[in-house]
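Note sheet for the following structure.
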Amino acid sequence: MSQPSLSEALRGVVRRDLLLAMRHRSDVAMSVFFVVIVASLFPLGVGPESAVLRMIGPGVLWVTALLACLLSLGRLFTADHLDGVLEQTVLIPQPLAVLVVGKVFAHWVISGLPVVLLSPLLGLQFGLGGDTLAVLTLSLLLGTPTLSMIGAIGAALTLGLRGSGLLVALLVLPLFVPVLIFGAGAVTSSLAGIGSEANLSLLGACFMLSLAFAPWATAVALRIALE
Amino acid sequence: MFQTVALSGSRGERLLFSNVSVTVKPGTLLAVVGENGSGKTSFLRMLCGLLSPDCGAILWQGKDIRQLKELYCAQLTYVGHLNGIKDDLTPVENLKVSASLAGDESSGTIVQKALEAVGLGRPVHLLPTRILSQGQKRRVALARLWLSTRPLWLLDEPFASLDAAATSYLTQRLQSHLSNGGMVVVATHQEIALPADSVQHLRLTR
Chain A
1 MSQPSLSEAL RGVVRRDLLL AMRHRSDVAM SVFFVVIVAS LFPLGVGPES AVLRMIGPGV
61 LWVTALLACL LSLGRLFTAD HLDGVLEQTV LIPQPLAVLV VGKVFAHWVI SGLPVVLLSP
121 LLGLQFGLGG DTLAVLTLSL LLGTPTLSMI GAIGAALTLG LRGSGLLVAL LVLPLFVPVL
181 IFGAGAVTSS LAGIGSEANL SLLGACFMLS LAFAPWATAV ALRIALE
Chain B
1 MFQTVALSGS RGERLLFSNV SVTVKPGTLL AVVGENGSGK TSFLRMLCGL LSPDCGAILW
61 QGKDIRQLKE LYCAQLTYVG HLNGIKDDLT PVENLKVSAS LAGDESSGTI VQKALEAVGL
121 GRPVHLLPTR ILSQGQKRRV ALARLWLSTR PLWLLDEPFA SLDAAATSYL TQRLQSHLSN
181 GGMVVVATHQ EIALPADSVQ HLRLTR
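As structure tokens, then:
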């Protein structure tokens, strides 16, 4: 009788999703382009006044990252649900919540990490500099995995429903609010010259909290979706 | 030993089957038959633990599978109505991933041997599964059985869209699994060419 170890199963799930992403590079590129274009539209629309740009920059960049995450949520479980891979995943003899963490991690690497890596460049467009750029990147590094974690609950709850894209947005966006406030707040406070540690700590707390509850809730929702 | 006790299942308001009690002993195959929509797939999904029964229980070695949970999952291989393979990966990649997720050996040579055993030749191994025919995709899904070392196999219409050659490969594989003391539950419309003493039938009626 055979049973994969927990790390084997986790690695297997992550490896498959990353391999699939490599086959669908256009999907990955699309969410990156989305972020770049949306973030570039604001300076074009608002005008080149650097004081204004610096003021709206943190919020705009964070909302863009949040929307990019939302757009890619549909890919998290839908394909697996349609081709039966999800059934097989549920039957892997390891806790489903842990496997969900693997899937969410892969999703973050594909959709969140590129945004984090690009954020210093995008920040430059808004006249952010030096330390503030570092805080922006750090806040996104802490915040985007949290967004993926929370998003996974919504994606699992709406699995197999008609018009699930809009429903996911309605379910998940309110839950994104604290992350948005602390994330954008960290960057703003760094701009104002008051330390960003408090906001970053709160972001870290949000991440830990989502890591504790979201995989479990997602696993329950997935089992219900399969019934 | 694998048992169901007074199992009842329904989808929505509709009762599919009720009071089903069967026992599958090591070395035997249970063929679940019944017309379309009689609940064969639901019955099999219930045996996997994917669906919960309205009432009754499913016992593995005398213990309820709802208590065993992951321990029970480690005993079974399920090939469902959906193939559970990724269209964008090659048959080799698909099989490697599913074997390693099942904790089976997943080295390149073993996986290729399994694919050859279901009659998928080398030229097909490195194509994306997307461009294969229905029957070939089904063979990729079934190739998992050549790697599986688990005692209980639950197969939903395994012969659907298979040709005569593949049907006989699969029958031979089932035979060798049974002679090793394995157990099989198959939902099917076809007669399975196995010795009559190792096959029992269950007809699902309301």
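Just so you know, the sequences run in chain order A and B. The numbers in the first sequence follow the numbering used here, run straight up by one, and end at 227. The numbers in the second sequence follow the numbering used here, run straight up by one, and end at 206. We treat Cβ as the ideally placed atom computed from N, Cα and C, and that holds for glycine.
Taking a Cβ distance cut-off of 8 angstroms, strictly less, list which residues of the segment 21-45 of chain A are near chain B, in chain order.
Correct list: Arg23, His24.
Does Ala156 of chain A get closer than 8 angstroms to chain B when you measure Cβ to Cβ?
No, its Cβ sits nowhere closer than 8 angstroms to a Cβ of chain B.
For the segment 64-76 of chain B, which residues have a beta carbon sitting closer than 9 angstroms to at least one beta carbon of chain A?
The segment 64-76 of chain B vs chain A, Cβ under 9 angstroms: Lys69, Glu70, Leu71, Tyr72, Cys73, Ala74, Gln75, Leu76.
For a contact defined as C-beta to C-beta under 7 angstroms, what are the partners of Gly94 of chain A on chain B?
First, the residue type needs correcting, since residue 94 of chain A is Gln and not Gly in the sequence shown. Result: Glu70.
Check whether chain B comes within 8 angstroms of Leu19 of chain A, counting only Cβ atoms and requiring the distance to be less than that.
Yes, Leu19 of chain A lies at the interface with chain B (some Cβ there is under 8 angstroms from its Cβ).
Taking DSSP as the reference, what is the three-state secondary structure of Leu76 of chain B?
In this structure, Leu76 of chain B counts as strand in the three-state DSSP scheme.
Determine the chain B residues that contact Ser2 of chain A at a beta-carbon separation under 8 angstroms, and present them in chain order.
Correct list: Ala74, Ala102, Gly103, Asp104, Ser148, Thr149, Arg150.
Assign Glu231 of chain A to one of two classes, buried (16 or more other C-beta atoms within 10 Å of its C-beta) or exposed (fewer than that).
Within the shown structure, residues of chain A are numbered from 1 to 227, placing residue 231 of chain A beyond reach of any answer.
Between Val38 of chain A and the rest of its own chain, which residues show a CB-CB distance below 6 angstroms, the 5 nearest in sequence each way excluded?
Excluding positions up to five away in sequence, the list reads Thr64.
Quick check on the DSSP output: the beta strand (DSSP E) that includes His201 of chain B runs from which residue to which?
Element bounds for His201 of chain B: 199-203.
Can you tell me the Cα-Cα spacing of Ser179 of chain B and Gln172 of chain B, whole angstroms?
If you take the alpha carbons of Ser179 of chain B and Gln172 of chain B, they lie about 11 angstroms apart.
Can a CB atom of chain B be found closer than 8 angstroms to the CB of Gly84 of chain A?
Yes - at least one Cβ of chain B is within 8 angstroms of the one on Gly84 of chain A.
Taking DSSP as the reference, what is the three-state secondary structure of Asp156 of chain B?
Here Asp156 of chain B sits in strand by DSSP.
If distances are taken between C-alpha atoms only, which option among B:Leu174, B:Leu71, B:Gln190 comes closest to Asn36 of chain B?
It is B:Gln190.
Thr144 of chain A to Ile110 of chain A, Cα distance in whole Å?
Whole-angstrom Cα-Cα distance: 11 angstroms.
Does any C-beta atom of chain A lie closer than 8 angstroms to the C-beta of Asp163 of chain B?
By this cut-off, Asp163 of chain B is not an interface position.
Once DSSP output is grouped into helix, strand and coil, what is the label at Asp131 of chain A?
Note: Asp131 of chain A maps to helix in three-state DSSP.
Let me know the beta strand (DSSP E) ranges lying completely inside the segment 139-177 of chain A, each 3 residues or longer, listed in chain order.
Within the segment 139-177 of chain A, no complete beta strand (DSSP E) run reaches 3 residues.
Measuring straight from C-alpha to C-alpha, what distance separates Gln88 of chain A and Gly45 of chain A?
Their Cα atoms are separated by approximately 48 angstroms.
Got a sec, what are the start and stop residues for the beta strand (DSSP E) Leu3 of chain B sits in?
Looking at the sequence provided, one finds Gln at residue 3 of chain B rather than Leu. It spans 2-11 - the beta strand (DSSP E) in which Gln3 of chain B sits, taken as one unbroken run.
DSSP state of Val118 of chain B, grouped into three classes?
Reduced to three states, the DSSP call for Val118 of chain B is coil.
Hey, is Asn180 of chain B's beta-carbon within less than 8 angstroms of any beta-carbon in chain A?
No, because no Cβ of chain A sits closer than 8 angstroms to the Cβ of Asn180 of chain B.
Using a Cβ-Cβ cut-off of 6 angstroms (strictly less than) and excluding sequence neighbours within five positions of Gln3 of chain B, which residues of its own chain qualify?
The residues are Thr23, Leu59.
For the beta strand (DSSP E) holding Gly56 of chain B, just list the boundary residues, first then last.
Segment 55-60, the beta strand (DSSP E) holding Gly56 of chain B.
Give the DSSP-derived three-state secondary structure of Thr28 of chain B in the structure shown.
Coil, per DSSP.
Mind listing the chain A neighbours of Glu116 of chain B? Cutoff is C-beta to C-beta under 8 angstroms, in chain order.
By Cβ distance, chain A contributes nothing, its closest Cβ being about 21 angstroms from Glu116 of chain B, past 8 angstroms.
Using a Cβ-Cβ cut-off of 6 angstroms (strictly less than) and excluding sequence neighbours within five positions of Ala106 of chain A, which residues of its own chain qualify?
For Ala106 of chain A, where only same-chain residues beyond five positions count, the Cβ hits under 6 angstroms are Val14, Asp17, Leu18.
Examine the Cβ distances between the segment 121-137 of chain B and the segment 54-70 of chain B and report whether three or more of them are shorter than 8 angstroms.
Short answer: they don't touch.
Any chance you could list the alpha helix (DSSP H) runs of at least 4 consecutive residues sitting entirely within the segment 83-113 of chain A, in chain order?
The segment 83-113 of chain A contains these whole alpha helix (DSSP H) runs: 85-90, 96-111.
Helix, strand or coil: how does DSSP classify Asn83 of chain B here?
DSSP places Asn83 of chain B in coil when its eight states are reduced to three.
From the DSSP secondary-structure annotation, give me the bridge partner or partners of Arg66 of chain B.
Answer is none; Arg66 of chain B lacks a bridge partner.
Excluding the five sequence neighbours on either side, which residues of its own chain have a C-beta within less than 7 angstroms of the C-beta of Val111 of chain B, listed in chain order?
Excluding residues within five positions, the ones whose Cβ falls inside 7 angstroms are Val92, Leu95, Lys96, Ala99.
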